[in-house]
Structure formats: C-alpha cells, structure tokens
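Those letters in the sequence shown? Residues 10 to 91, per the numbering used here, in order.
Please read the structure below before turning to the comments.
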Amino acid sequence: MHNAINKMTTEQLLNNTWVNLLFMLGIMSISNGAALALVNFDGDFLTGVFGYLIGDIAGAFFFMVIALYIYRSIKFFSSNFG
C-alpha cells in the first residue's frame with residue numbers, strides 16, 4: 010500500500026475526488042470547530058476546538074464509510090444487473 014501511495018504523482022492526487030473530499034472535510038472541521046468554540050463554548054478555547062474537531066472528524070469518517078459502500082453498491086449492481 011505504501012508503494013502505491015508513493016507512486017502517485019501530485020497531479021494524480023489533485024485529480025482524485027476522494028482525496029480532495031478528505032482534504033476539504035479536514036479544513037472544514039478545523040474552521041467549524043474554531044467558529045463554534047468562539048460562539049458556543051464558555052471554557053478553554055482549545056478544549057472547545059478539539060471537542061468539536063473530534064466530533065466533526067468522526068462524522069466525516071462515518072460519512073466516508075457510508076459513501077464508499079453506496080458507491081460500491083451502485084457499481085456492483087450496475088455491472089451485474091446492468
């Protein structure tokens with residue numbers, strides 16, 4: 010697996026939709042955690058950011074797993090029952 014990642018060029022990574030989606034989810038999780046910590050959290054700022062960040066990352070992970078299974082199911086059914 011590590012060799013497959015090393016063989017990918019920068020252009021292939023930039024054109025990969027899943028990598029772009031993960032990158033955007035990471036950036037949005039950080040910005041969402043910071044904004045919500047400023048607005049809603051009364052304690053330490055970093056504690057609030059990390060709390061929201063963990064929730065956002067967990068949600069993004071489960072979203073990606075569900076999206077992957079939906080994508081593979083559509084691909085499977087379209088190729089077998091097409």
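All C-beta atoms in this analysis are idealised placements derived from N, C-alpha and C, irrespective of residue type, glycine included.
Output the residue ranges of the alpha helix (DSSP H) runs that lie fully inside the segment 23-50 and measure 4 residues or longer, sorted by chain position. 26-49
For the segment 50-63 and the segment 23-32, state whether three or more C-beta atom pairs, one from each stretch, are separated by less than 8 Å. no
Inspect the CB distances between the segment 39-48 and the segment 60-69 and report whether three or more fall short of 8 Å. yes
So, are the CB atoms of A69 and L34 less than 9 Å apart? yes
May I ask you to report which of helix, strand or coil DSSP gives D53? coil
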